[in-house]
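For reference, the structure discussed in these notes is given below.
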Amino acid sequence: MFYLYSVRRLWISLNESNQQSLHSIFIQNFDQLLISANSNLILDDLLVTNSLSIIYENSNLTCKELNRFLKLWMRNKANRRLEHLMLNSYREFNERTIFKGINYKKVAEERWFDKDDKLFSNFVNDAVCVKDGFDIIREDGTRMTIHYYYNDLEFFVWNHNTLFFLSSLLPFRPYSIPIFIPTMNPTFPLLNLPEKPLQIALQNMEPLYQLALSTLSARTKVLVKSLKIQIRKTNIHIREEISFSIWKLDFNQEDWYFLTNANDAYISNELEEPCYLETRAWVDDQIPIFLWRKEGFTVKNWVQHFLDVLNREEIDKLFFQWNPENLNLENLHQAIGDVNQIHIQHELSAERCLQIVQHFQSAQVLSMFFEISENFQKILLQNFEIVILTARQPPASIDLDTLLTINSCSIQLHRLIVTNKTLNRFLKHWIAGSNPNIRHLSILLPANEVFSETDVFRGVVCSYAAEDRELEFKDYMENLENPERTTVAGGIDIRRKESGTTATIKLEDGQLRMNVWDD
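Here the working numbering is used: the first residue of the sequence shown is 1223, the next is one more, and so on.
Structure (structure tokens):
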């Protein structure tokens, strides 16, 4: 029986008899979904849910299933809307198993998350207290905190509006905002040190403060640049506001939000006007807001300054996480320059997506939602090195012509329907010479969909490798310049007719990986 609490919040009481039709409910965009279950819901049920908050009573998910869930979430492959997940009566918590193969940080401090009424309807306080936990970072820099207490396992996803305090700061109170204003003649005592001691002092600072000092003068910019600060990525996020972030080696992220000088509003379109930055940092066990100002600096000046000091030529990732209808893409390109990767995480029209890729033609990686349209075909013809396509809800089928259109080095399909027949015909075309640039193909089918090895390889000339044969391939998941290596055991080999080039295919239920051998 289903209990409708409101249009945006759904409470469900489940039993074995109605479990078959769950997915059509789970994929809906509820604010909150509460599942009172007496049946064996599995990981795929969780992965198809599309709600902001999920409360799952009497959870029977295993630690291994949660490990897979976290890995998919960290790679941005599942539950992108999720902001809060609670598994009630979860008695099988095992830290080693849940976080196996995951880079995570154990945190002991007491922290508070600002309560969103639509997510935490059962709380009467203004905030939710998390007394300890485990932090992980998604590839786009989003942080999740996992907290286990009294047989309840809870997941909190941070966003830039999250209020995050030590308990010593309660009750909540507004902070005064320190303003960092660079001057051309700095008088900081630190800068009076001889060159060598000054470099040592700078090397022991956090990147946030190193970058702050770099804005003081031409001398401090050269000094900080000489430190060769090591970071993983630089990102631009297009949300309701525009922000710049760096992803540090420890997987933590620093964010700067562009604000107008006129009314302290977040910048969403005024890219050519002088602006200042908002950022936050630990200061005496607090997280005050810092405002950085530099006379005449626009978004372009700030971005170019950061890239220069960090010894980077371009922005690594550009994320569209909002519908920027009024955003002038030409002005955006002029402000932030070229980017290496475009990640469109909001369901924009194919026409708008085409405009985006046409303004950032140097990008090598494109990640977006799949769509069947003429403009989408034009996007695929841009010949990105890596193409990552994710299904909307409900999942759509990708046809053979579309697969043959993509001439990228790496093709990654997430939760798209690829039939056995389509895959069979694609392999035959590849053997005959199609998709000459492809080195890697990965397919993850929707929940409960599996490949049939017999149908996929029907009429395909192939050979089965010994299970103990191990081959090493480049992992082109998102990086072409310095890809990691992955080892494949066994598999099924196919060869091109003319060149003799070999590819190894691994089929595992609803997943496929195809790796082309180096010549």
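For each residue, glycine too, the CB sits at the ideal point set by N, CA and C.
Just to check my reading of the structure: residue i and residue j have Cβ atoms closer than 8 angstroms, yes? What is that Cβ distance to the nearest angstrom?
i	j	result
lysine 1539	histidine 1565	6 angstroms
glutamate 1593	asparagine 1553	Actually they do not touch by this definition, with Cβ atoms about 26 angstroms apart.
phenylalanine 1541	glutamine 1567	6 angstroms
isoleucine 1653	arginine 1718	6 angstroms
aspartate 1267	phenylalanine 1248	6 angstroms
What would DSSP say about residue i, mapped onto helix, strand or coil?
i	result
tyrosine 1370	strand
serine 1674	coil
lysine 1447	helix
tyrosine 1686	strand
tryptophan 1544	coil
leucine 1645	helix
alanine 1613	coil
arginine 1318	helix
phenylalanine 1512	strand
phenylalanine 1378	strand
arginine 1454	strand
serine 1619	strand
Once you ignore the five residues that flank residue i on each side, which residues in its own chain have a CB closer than 8 angstroms to its CB?
i	result
proline 1668	Val1270, Ala1613, Pro1617, Arg1637, Leu1638, Ile1639, Gly1732
isoleucine 1453	Pro1429, Ile1468, Trp1469, Lys1470, Leu1471, Leu1532
phenylalanine 1519	Pro1496, Cys1497, Tyr1498, His1527
tyrosine 1692	Note on identity: in this sequence residue 1692 is glutamate, with tyrosine being the wrong assignment. These residues qualify, in order along the chain: Thr1709, Val1710, Ala1711.
glutamate 1492	Thr1482
leucine 1602	Val1609, Thr1624, Thr1627, Ile1628
leucine 1424	Gln1432, Leu1435, Leu1445, Val1446, Leu1449
lysine 1650	Gly1681, Val1682
proline 1408	Here proline 1408 scores only 47 on pLDDT, less than 50, and its place in the model should not be relied on; the value that follows carries that caveat. Excluding residues within five positions, the ones whose Cβ falls inside 8 angstroms are Leu1438, Ser1439, Thr1442.
proline 1393	Per-residue confidence for proline 1393 stands at a pLDDT of 27, beneath the threshold of 50, marking its modelled position as unreliable; the derived number appears in the next sentence. Counting only Cβ-Cβ distances below 8 angstroms, and skipping sequence neighbours, we find nothing.
How should residue i be labelled, buried or exposed, when 16 other C-beta atoms within 10 angstroms of its C-beta is the threshold for buried?
i	result
alanine 1330	exposed
tyrosine 1686	exposed
isoleucine 1422	exposed
arginine 1735	buried
phenylalanine 1345	Bear in mind that the predicted position of phenylalanine 1345 carries a pLDDT of just 36, short of 50, making it unreliable; the figure below should be weighed with that in mind. Burial call: exposed.
arginine 1661	buried
isoleucine 1727	buried
leucine 1412	exposed
alanine 1725	buried
proline 1546	buried
lysine 1643	exposed
serine 1721	exposed
asparagine 1659	exposed
asparagine 1414	exposed
glycine 1655	exposed
lysine 1696	buried
valine 1672	exposed
From this set, the options, which residue's C-alpha is nearest residue i's C-alpha?
i	options	result
leucine 1449	Ile1460, Pro1429, Leu1288	Pro1429
asparagine 1316	Ile1249, Tyr1370, Phe1480, His1568	Tyr1370
serine 1619	Phe1591, Ser1630, Gly1722	Phe1591
asparagine 1657	Thr1627, Val1678, Val1352, Val1672	Thr1627
lysine 1293	Asn1272, Trp1544, Met1366, Met1308	Met1366
phenylalanine 1321	Lys1418, Asn1642, Thr1284	Thr1284
glutamine 1583	Leu1611, Leu1274, Leu1551, Glu1569	Leu1551
aspartate 1253	Trp1233, Trp1524, Thr1442	Trp1233
threonine 1456	Leu1438, Gly1363, Thr1437	Gly1363
threonine 1501	Ile1578, Ser1281, Asp1374, Leu1433	Leu1433
leucine 1529	Asn1737, Ile1714, Gly1559	Gly1559
arginine 1534	Ile1451, Lys1643, Ile1368	Ile1451
glutamate 1462	Met1699, Leu1375, Trp1544, Pro1416	Trp1544
Is there at least one non-hydrogen atom of the ligand NAP closer than 7 angstroms to the beta-carbon of residue i?
i	result
aspartate 1374	Among the components modelled here there is no ligand, and therefore nothing to report on the ligand NAP.
Which residues in the same chain have their Cβ closer than 6 angstroms to the Cβ of residue i, if we skip the five residues on either side of it in sequence?
i	result
isoleucine 1464	Phe1480, Ile1489
glutamate 1675	Leu1729
leucine 1549	Asn1491
lysine 1299	His1636
glutamate 1694	Arg1707, Thr1709
Kindly list the residues whose CB is nearer than 7 angstroms to the CB of residue i, restricted to its own chain and excluding five residues on each side of it in sequence; keep chain order.
i	result
glutamine 1250	Asn1272
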